[in-house]
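Below: the structure, in C-alpha cells.
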C-alpha cells in the first residue's frame, strides 16, 4: 500500500496503512499535545523517512516538529555562529538558543561524551545575550559543525528544521530515537534574559530523545568549560570542586615562594573590577578560600551597584584606557585588575589620576610575558646541570600570538630566546597551535588567553616529582617541578579564565617580588592605530602568513609595503572582518602620529581599490 505525502509526489512503499495507524496511535499516546500538529505535518515528515523507518524514529520526528513550532524564527534576522557563538539582542534569541540545544544534544550523541552550552554575551551590553557550545575537551565546538549550526539557526520553519536534523544525523552517522543517551551541561551568566533563554536551551536538548540537560546554575563561561572537560576526564566537576582546585593550587604556589622573598614580598592587595557581572560575584566567593592575598571587589554585580559592562570591565578598560566606574582617587597607585562580563578576559591597570581619568594599562601581551618569564625560569632550574647525574627534562615551550600583538611584546619575547609563532586572529587558532607544545602560552591583547600543558608533559613532571621527592626533597629542582605542576592545576586548561589567571599573576608577582611598575616597564608598547574600511565584498581580500600578508587583490601588499617603509619601526597589515563587509587596518610606528598616518594611508589604498 502506498501512502502519498501531502503536497508531494513522493511516496514510500515500505509503510503500509496498518503500520502507520499503529505509529500514529503510539505517538499521540506519548505526546497528546501533538495531535493537531501530527494531523497537519505527518505526511510532510514522512517525505523524509528513510526505508529503515521505526516507531522510535517517528516519535523523534514528531517531537522535533512539536517543540520547533514553539520557537518561531524572528523576522528579518540572520544568525551566524562564530568564535563567540551566536549573539544578538537577548529578547529575540529564544529560537536560536532552542536550536543550539538541539546542536549540543547531537554533538553529545556524536561524541558519546558530555558537552556544554553556555548562555552569555561576554563583554556585550546587558541587553544582548548569546549562546555557545563547549566540546568534550572543554574547548570550543569544532569548526566543521559551524555551517550546520548556521543552517539550523536560520531554518525558517519546523519542517525545514526537521529535515536539516535528519539529514545531518544521517551524514554524521548519529543514531536518533534514544538509541544512545546524551548529556548537556547548561550554564548562564547574570543577564536578565538568561533565565528564559535557559528554558529554551532545555527544551532544545529535550527535543532529542535520550538527551538530558543538566542545569549547572549561574556560572562564568570558563567554569562551564572546566566542568565539561573535568566530567569527561572522570574528575569531580561541581563549582565547589572548581573553587577547591584553584584555591589549593594557589596555596601550593604561595607556599613555594622563597622564604627570603616572603620577608620582602610585593604588596598583597589587589582591587578587582568585576564588570558588574558574574565574575565579580564568583570572586567574592573564591576570595574567602584564599590566604596570602587581599582581594577587594568593585562592580561585583550587587543590586544597585551598576550595570553590566557599562563603564567597566576588561573590554572597556583595555580599549578606552580609562578608569572604570567604582574607582576613585583613593585607588591611585594601587594594583588593580579588571574582568569582563563572563570572566574569560583579564587585564591589569594602575590608576594614575582619577581626576584626569588616566591609567597605566597592563594588557594580555604583558600578562603573557609574565607567565613566559616565570615558566622559562622554572624549566631552567629544573634542567640546571649540578653534576653529571642530573637528568634533563626536555620541554618544548611555545608562545602563540596573532598579528594584533604589539610588536614590542613580540621583540621582547624573542630577545628572551623564546619561540614565538603567529596564527590567524581568533582564540580557536591560538588554542589549537598552543596545544602542539609541551607548554604553550597564548594571549590576545584583550586579555583572553591561557597556558596549556600537554598530558604527556604533565606525566613527565609527575614522574620527576616522585623521583626528586625520594632523592632530593625540598631541593630547588624539586620546588621547580612542584611549581609547574601547580600552574597546570591553577590555570584553566580548557579556555581563558580571568579568575585562574588573576591568581596566577598574583602568585608570580609574589614569587618574583615585582611591583606593578616593574611589570609594566618590561617593555614599552609601540603606538598603534586601528581603522575600518567599508567595502563591497570582504571576500575579495585573501591573506596569508597568519593574516600579515595580502595575497589578493594583486598589488595591495606592495602598496602596504611602500607606505610602511616610510616610518621607523613601522608595521601594518589588513584583514577582512569575519562578520561584515569591512576591511580592518592595523598600523604601528615609533610615534602615535606615525601610526595614525600609516593607518590612514593604507586605509585610503584599500578604499580606492575595494570601497
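In this note's numbering, the protein residues as written are 601 to 1211.
All residues carry an ideal CB built from backbone N, CA and C; glycine is no exception.
Test: residue i CB closer than 7 Å to a CB of chain D
i, result
"residue 991", "In the structure shown, chain D does not exist; there is a single protein chain."
DSSP state of residue i mapped onto helix, strand, coil
i, result
"residue 948", "strand"
"residue 860", "helix"
"residue 1204", "helix"
"residue 897", "strand"
"residue 936", "strand"
"residue 688", "strand"
"residue 1022", "strand"
"residue 1188", "strand"
"residue 1059", "helix"
"residue 729", "strand"
"residue 1037", "coil"
"residue 960", "strand"
"residue 1172", "strand"
"residue 808", "coil"
"residue 1153", "coil"
"residue 642", "Confidence at residue 642 is low in this model, with a pLDDT of 42, below 50, so the placement of that residue is unreliable and no value is reported for it."
"residue 815", "strand"
"residue 906", "coil"
"residue 1162", "helix"
"residue 1043", "strand"
Among the options, the one whose alpha carbon lies nearest that of residue i
i, options, result
"residue 748", "1167, 699, 735, 826", "699"
"residue 1095", "669, 740, 1056", "740"
"residue 702", "745, 678, 1051", "745"
"residue 706", "750, 723, 780", "780"
"residue 948", "981, 971, 914", "914"
"residue 1105", "1065, 968, 1000", "968"
"residue 952", "963, 921, 938, 972", "921"
"residue 790", "807, 690, 1139, 946", "690"
"residue 785", "769, 814, 773, 761", "814"
"residue 1141", "1163, 1113, 1166, 1185", "1185"
"residue 907", "1205, 1138, 727", "727"
"residue 997", "977, 985, 1003", "977"
Between the CA atoms of residue j and residue i - distance to the nearest angstrom
i, j, result
"residue 1119", "residue 854", "19 Å"
"residue 841", "residue 887", "15 Å"
"residue 1050", "residue 868", "23 Å"
"residue 1072", "residue 1029", "41 Å"
"residue 816", "residue 809", "21 Å"
"residue 709", "residue 755", "21 Å"
"residue 637", "residue 672", "Legend: pLDDT at residue 637 = 42, less than 50; position of this residue unreliable, value from coordinates given subsequently. When rounded, the distance between both Cα atoms is 15 Å."
"residue 658", "residue 972", "56 Å"
"residue 944", "residue 821", "7 Å"
"residue 836", "residue 979", "30 Å"
"residue 617", "residue 766", "Confidence in residue 617 is poor, its pLDDT being 39 and thus under 50, which makes the residue's placement unreliable; the coordinate value appears in the next sentence. Distance between the alpha carbons of residue 617 and residue 766 is about 23 Å."
"residue 805", "residue 1162", "55 Å"
"residue 826", "residue 1201", "45 Å"
"residue 845", "residue 807", "35 Å"
"residue 1046", "residue 752", "31 Å"
Bounding residues of the beta strand (DSSP E) (the contiguous stretch that carries residue i)
i, result
"residue 1030", "Element bounds for residue 1030: not the beta strand (DSSP E) but the alpha helix (DSSP H), 1027-1034."
"residue 1129", "1128-1134"
"residue 1212", "In the structure as shown, the chain starts at 601 and stops at 1211, and residue 1212 therefore has no counterpart that could be examined."
"residue 1053", "1049-1053"
"residue 891", "That residue, residue 891, is in no beta strand (DSSP E); it is neither H nor E in DSSP."
"residue 1143", "1142-1144"
"residue 991", "Note, residue 991: premise wrong, no beta strand (DSSP E); not H, not E."
"residue 717", "715-719"
"residue 873", "869-873"
Beta carbon of residue i nearer than 7 Å to that of residue j
i, j, result
"residue 597", "residue 879", "Residue 597 lies beyond the range of the chain shown here (601 to 1211); nothing can be said about it."
"residue 1171", "residue 1147", "no"
"residue 960", "residue 1009", "no"
"residue 876", "residue 911", "no"
"residue 1103", "residue 1081", "no"
"residue 716", "residue 828", "yes"
"residue 1026", "residue 723", "no"
"residue 874", "residue 939", "yes"
"residue 758", "residue 669", "yes"
"residue 682", "residue 1178", "yes"
"residue 824", "residue 718", "yes"
Residue interval of the alpha helix (DSSP H) (run including residue i)
i, result
"residue 914", "914-920"
"residue 787", "Here residue 787 belongs to no alpha helix (DSSP H); instead the beta strand (DSSP E) covers 782-788."
"residue 827", "821-832"
"residue 762", "758-771"
"residue 1001", "Segment 997-1001 is the beta strand (DSSP E) holding residue 1001; no alpha helix (DSSP H) there."
"residue 883", "878-887"
"residue 1014", "1007-1015"
"residue 709", "694-711"
"residue 1079", "1076-1090"
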